[in-house]
Amino acid sequence: MAEKMATIKQAKNLKELNSENQESALSALKLLETDGKLALISELFEIYRTQKNTEVKKKILEFVSNIQKQEAAAEIIRLIEKEENPISKQEFLAVIWNSKLDFSAHLADIVSIAVHGDFMQALDCLTIIENMPGPFEEHQLLESQLYLKDYLDNRNEGETQKNHFVSEIALYIKEQNEGIDADLLFE
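Numbers 1 to 187, taken from my numbering, label the letters of the sequence shown in order.
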């Protein structure tokens, strides 16, 4: 019974968050902070897309950026990959570099976002990747290299800025991979 009441309360808060009234929306977001669940991230991103009030949108991004549960990283990445609007995708990428979560386990996903996105997304991904604490698992590095090789084989020469950022990502991945190979020699 308590779970059902909590679900009803969350649904009400989500509805209020979608409100045109900034005060009601921000109040609802405050309530979600105290009793929200990770499953709500998807709904928050959806509300973000339809919300007209920039202050509420800003607070939604801050809310998601401040989530402390590491399990949220996978859901955030999944939603960013799924996002079709390039502006929203770029704004959602800001959640990653504002977050205190470790996205190192999602290196290949972020490389994929970089190579499939525009030059601004590639720049954001480069910044995210360079600030990841690592270490990276070998399969993440190998999958990243596959995305980069595919991009480099099919790149558009007219996208010089994006090509530059993707090349920087490739150099970074190469350095990380050499570090793993060197570590294997000492075992």
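Note that beta-carbon positions come from the ideal geometry of N, C-alpha and C, so glycine has one too.
Using a 10 angstroms sphere on the CB of residue 102, the tally of other CB atoms stays under 16, which defines it as exposed. Between the C-alpha atoms of residue 147 and residue 115 there is a straight-line separation of about 7 angstroms. Boundaries of the alpha helix (DSSP H) around residue 63: 54 to 65. Annotation: the continuous alpha helix (DSSP H) that includes residue 116 extends over 107 to 116.
Assigned with DSSP and collapsed to three states, residue 123 falls in helix. Just measuring C-alpha positions, the residue of 123, 82, 21 and 140 sitting nearest residue 160 is 123. Beyond the five residues adjoining it in sequence on each side, residue 107 comes within less than 6 angstroms, by CB distance, of 136, 140 and 144 in the same chain, given in chain order.
Separation of residue 125 and residue 97 (C-alpha to C-alpha, rounded to the nearest whole angstrom) is 9 angstroms. Membership of residue 70 in any alpha helix (DSSP H) is not indicated, and neither H nor E is assigned to it by DSSP.
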